[in-house]
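Structure first, commentary second.
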Amino acid sequence: MVQRGRTTSAQRFLGLQLCGWQWRGRRLGFRMWVGRLVLSSLCLAGGWLLAGCACSARDAEDPSTSASAGAGLAATAPSGQGSAGSSPATKSSASGTSAFSAKDEAVIAMIDQRLRVAWEQNNLRPARAATDAEWCRRVFLDLLGRVPTVSELDAFRSDKSRSKRRAWVDRLLGSEYADDFSKHWTTVWTNILIGRTGGRQGRSLVNRSAMEKYLEQSLREDKPFDRLASELITAEGSADPLGENFNGAVNFLVEKLGDGGVQATAKTAEIFLGTAVQCTQCHNHPFNEYRQNQFWEMSAFFRQARVERIPHPERENRQIGQIVNRDFAGEGRTLYRDDRSEIFLEVRNGKFFDRDAARQTEAPIYYELRNGQMQVAYPVFVDGTALAHTLADRGSEYGNSGYLEHVDRRQELAQYLVAAREFDRALVNRMWARFFGHGFTKPVHDMGPHNPPSHPELLDKLGLEFRASGFRVRDVLRWIVLTEAYALSSKISRGNRKDDPALGVPPQFSRFYVRQMEAEQVYESLLVATQADATVSAERQGQTRERWLRQFSTAFGTDDGGEATTFNGSIPQTLMMMNGELTRLACSTGSGSFLDKVATSADLSSREKIKYLYWAAVAREPIAEEINICNELLASRDGDVVETLQDIWWAILNSNEFILIH
Amino acid sequence: MTFLPTPHGMNRRHFLSHLAGSSAMAVSALSLTSNLTAHAATLKRNHKSCILLWMGGGPPTIDIWDMKPGAATGGNFRPIGTTGEGQITELLPKVAQQMHHLSIVRSMSTREADHERGRYYMHTGFVPNPNVEHPSYGSVIAHELKTDLHELEIPPFVSIGGASEGPGFLGMAYAPFQVSSNGQIRDAKAYTSAARMSDRMKLLGLLEKRFERENRGPAATEHAKVLGNTVTLLNSAQMGAFKVQSEPENMRDAYGDTGFGRGCLMARRLVEVGVPFVEVNMGGWDLHQNCFDGEQQKLPEVDQAMSTLVADLQSRGLLEDTVILWMGEFGRTPRINENAGRDHWARSWSVVIGGGGITGGKVVGGTNEDGTRVITEPYSSEDLMSTVCQAMGIGLNKNFAAGNGRPMKIAGGGKVIGELFV
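Heads up: the sequence lines are chains Z and H, in that order.
Position 497 of the first sequence, counted from 1, bears residue number 497 in the numbering used here, the numbering being contiguous throughout.
In short: position in the second sequence from 1, add 1000, done, that's the numbering used here.
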């Protein structure tokens, strides 16, 4: 390590060869390193994989028992599922989720009413209602991360109950689909919390599958969101199951605590408060109200958290990361104790100052203004509440203390966080954006007076309802998918043409905005449509999925964990859909494959087989012209049904209609 | 039998005739490919190109192009003389010999010192805005030159070894085509015969068109366009331009056997074929720790590739028509931090630009004695982008109809850096 800079006489006197002090652009540090471990570690997210990939809800379908492809569309109960008939008695219960209630009805009516008022004010006529099949495909993709199977579509469409959408949403949120649901939302939250590249790069302390397992368990039990957030922010223990005191939740912060906890601060604010503070670490925000002191005062909450690295028990040259809470004496007051690699002697004016003896407790940090002036910061929540103030009745030394016997700063932060109104609004806004393609603000993680929401009252009210529900995310999802707006067609009509957020106007949700599936949704959809992995072990399935997903993401290698994906509608994605291994797998015609089963199904005519493929991928009947082309293909193949079906299937999977959610 | 390009273009012709005759509803974007005459590997050039050497993470320009020997902020390295005005770091001796072709702008002064915002701002000429997504350099240039590009069958905006920035409101058809510097295009091989592929495309064309006609907005239309561009690409002999491995060994050695070296070599090949905008990415400049160790590792790679690129373009007569721009999202702090690193710094930093008719050998602007402040007229991303557009013959007064009909000037209405044209 090149230690440039000037060594003070005090340091030389101390004789600590690794010490040095230098100016830092953002903050002042007299940090001394003693016995700091080598940073490199290879921690591939391997080991064990998400269990439960094969889900009961998508048991292999026998095309001949499914009706859509046939002319009759008689309702045949899909295998592996309860009766899809009228009133579903199968209200979910196992995972503690509730079924549709009068309360839900009131919230949904409130949303509908507020959106309708806005349509009138903006002179918009909403699109017509989406068809049952359109809505069903949409809701499966958004709640479960995959298209519905043909038998699921059949069951839904032949359900004559007036309240069937409510009933089906209960089913999708309930125990019957718990595997699909938790798997999908595990993916969503993993990508939010550690990015698409987190734990997928070679030298990483993040164990991606441990993060996933923690989230999957939390989602399965419908853990209230305030508890989830608190657990992630306050997590202690090892990031890897092979370490001591393993805690998968640690993976959220294990790579964000370096550099004074800049990333921990920025990502916590972004994800849980919907506020972008990244750039206030160096200066006051150029156009929002956030100021530099708020960033550092927030980061002060993370200073007792330390990442420690221990050798990997099984793999040489690898390390396991763990987050431990340690007493913090303040920046520039570096501590030393043999057992924790810290010094409890502080240097003041060239003399030792024994902090332990003096019992000096307050632990400040420092940052630098753009004009070079140094500022001091203690823990203060973004709303301006100082921890010292909150804990004043315990004693004056508590709030600013860095000693764990006085205060656990991260626990305090978690309490402030979930109590803040930004917390509920941030979640609601994020979820809304997932289902509608646009949130009430853009981007969802940069809310504030500088970026007013499209529907401020609705956002606020929804936030309050979410809070009142006990932070049940499933309730928010239920409300959203049962709104009038979510059930509108995606076809643009004259009355709502100008409602186009792509043109820079605030979204009004007077039609369903078409958006592309995420890579994971394509993957799951292809698998569910073709059962391509039905015979493969869960472990192999997980590995294959992981390998496939990795190809799209690139990390910028910058300190903010920036990354990009090529699964964005550009040419590499198109090439992958045309020629990639997943498509090849989905289009395989070997004995027992999906196409083979359809082709050899004795009960279906050629025409019905073609229809079956259309329903499986795009949830509709082929039009006459499509049937004609398909028949031409069949004729030119001398009646080789499986080859022809392969061509048809390939074409459907490569269409805009398949990859878009509409 | 593969579906892929053959030198004589017969399969492609066959394939396209199917497409054209397949159906009255054949997707319009696919019929772009009906221009059957254009399969020459090298085109007659009637436009200029630009190669952006993108230093992702923010390079410490105070150690490279605007050195402050003797100042407390001066760093570890010594300056050396060049064939142009001014001195540069001793770690770029080969580039120093090419500096008569390149100019240094030492008076960049911007406000975005966050990676994401800085990357966006330096690529688009606009600060991030919640209401509109701005197109980046490559997309703007591809869009503005599109009438000159009808013989080009590979995407007009290629980003090598990194993501670049998106097309914004111009749509995915102007997105960067991201490729790896090894020259392998992933999934570019069809696994069925050309004849079957053509049958499949017939049905796919109908599916695309039917869905587009349902009026579901730009996502559907853009998909069809990108699909059309992909088919054109797959069937083009110009695909050969990506194959850096087919260069003679001495040429590959000259550029250096590194990701950045291969990227620069590929950029030259792409420019030869007529691609108007190529970005070559070199990451790893976020040197908060051990800045000087990092530079000692990275700069020789830059030296080898960048100097060879300039010399190679010059010897092929392409430098006059090719703008080269070297930059990152910002510079790094003059002050050296406690980890012997430099942090993000946008207030005073440097970029390097040359070729395409831009005056070489100059030093434009300057900073104070410790590099913390620009003491001449400061230049912004808008100014730099305007300068590149000017060099490429792209009119700066044109307004894009960004969203909502709101007019938006190319390069945010920046002013051309006049000194670079005298």
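From the three backbone atoms N, C-alpha and C, an ideal C-beta is built for every residue, glycine too.
A Cβ-Cβ separation of about 6 Å places C1291(H) in contact with P1060(H) under the 8 Å criterion.
Secondary structure at S1386(H): helix, using DSSP grouped into helix, strand and coil.
Residue pairing for S401(Z): DSSP places it in a beta bridge opposite E362(Z). Interface annotation, K1298(H): not in contact with chain Z, CB-CB separation never under 8 Å. When secondary structure is reduced to three states using DSSP, R1106(H) falls in the strand class. The three-state secondary structure of E1247(H), taken from DSSP, is coil. Secondary structure of K1409(H) (DSSP, three-state): strand. Among the residues of chain Z, none has a CB under 9 Å from the CB of E1272(H); the nearest is roughly 21 Å distant. Counting of Cβ neighbours within 10 angstroms places E539(Z) among the exposed residues, the total staying below 16.
Closer than 8 Å to the CB of Y1121(H) there is not a single CB belonging to chain Z. Listed by position along chain H, the residues whose Cβ is nearer than 8 Å to that of W432(Z) form an empty set, because the closest Cβ is around 15 Å away. By the beta-carbon neighbour count (other beta carbons within 10 angstroms, threshold 16), S396(Z) is exposed. R208(Z) and R138(Z) have their C-alpha atoms roughly 28 Å apart. Listed by position along chain Z, the residues whose Cβ is nearer than 9 Å to that of A1267(H) form an empty set, because the closest Cβ is around 18 Å away. Residue pairing by DSSP places A555(Z) opposite E563(Z) in a beta bridge. Taking a Cβ-Cβ threshold of 7 Å, the residues of chain H close to V514(Z) are R1216, G1217, A1219 and A1220, in chain order. Here the stretch 146-153 of chain Z makes no contact with the stretch 115-130 of chain Z; the two share fewer than three CB pairs at distances below 8 Å. For R1262(H), no CB of chain Z lies under 8 Å from its own CB, so it is not counted at the interface with that chain.
With a threshold of 8 Å between beta carbons, R1210(H) makes contact with chain Z. According to the DSSP assignment, M1197(H) belongs to no beta strand (DSSP E) but to the alpha helix (DSSP H) extending over A1194 to R1213.
Listed in chain order, the non-local C-beta contacts of A529(Z) below 8 Å within the same chain comprise V147, T149, A586, F594, A616 and A617, local neighbours out to five positions each way being set aside. From the listed residues T544(Z), E563(Z) and T361(Z), the smallest Cα separation to S553(Z) is found for E563(Z).
Close CB contacts of G1118(H) within its chain, under the 6 Å cut and outside five residues either way in sequence, are with E1112, E1329 and F1330 (chain order). Cβ-Cβ separation between G1256(H) and A1190(H): approximately 34 Å, too far for a contact (criterion under 8 Å). In the three-state scheme derived from DSSP, where H, G and I count as helix and E and B as strand, H1344(H) is classed as strand. Annotation: the stretch 377-437 of chain Z contains the following complete segments of the alpha helix (DSSP H) (minimum length 4 residues), in chain order: 387-390, 409-419 and 421-436. Under a criterion of Cβ atoms nearer than 7 Å, no residue of chain Z is adjacent to G1294(H); the nearest Cβ is some 10 Å distant. When 7 Å is used as the limit between beta carbons, D559(Z) is near these residues of chain H: D1286 and H1288, in chain order. In this structure, the beta-carbon distance from G439(Z) to R430(Z) falls below 8 Å. When DSSP states are grouped into helix, strand and coil, L1092(H) belongs to the coil group. Here DSSP, grouped into helix, strand and coil, assigns V1323(H) to strand. The Cβ neighbour count for L369(Z), taken over all protein chains shown within 10 Å, is under 16; the residue is labelled exposed. Counting only runs of 3+ residues, the beta strand (DSSP E) found wholly inside the stretch 309-335 of chain Z occupies 319-325, in chain order.
For the stretch 1223-1246 of chain H, the residues whose beta carbon sits under 9 Å from a beta carbon of chain Z are, in order, H1223, A1224, V1226, L1227, N1229, T1230, V1231, L1233 and L1234. Fewer than three beta-carbon pairs drawn from the stretch 1311-1324 of chain H and the stretch 1084-1093 of chain H are found closer than 8 Å, and the two stretches are therefore not classed as touching. Contact with chain H is absent for N122(Z), since none of that chain's Cβ atoms lies less than 8 Å from the residue's Cβ.
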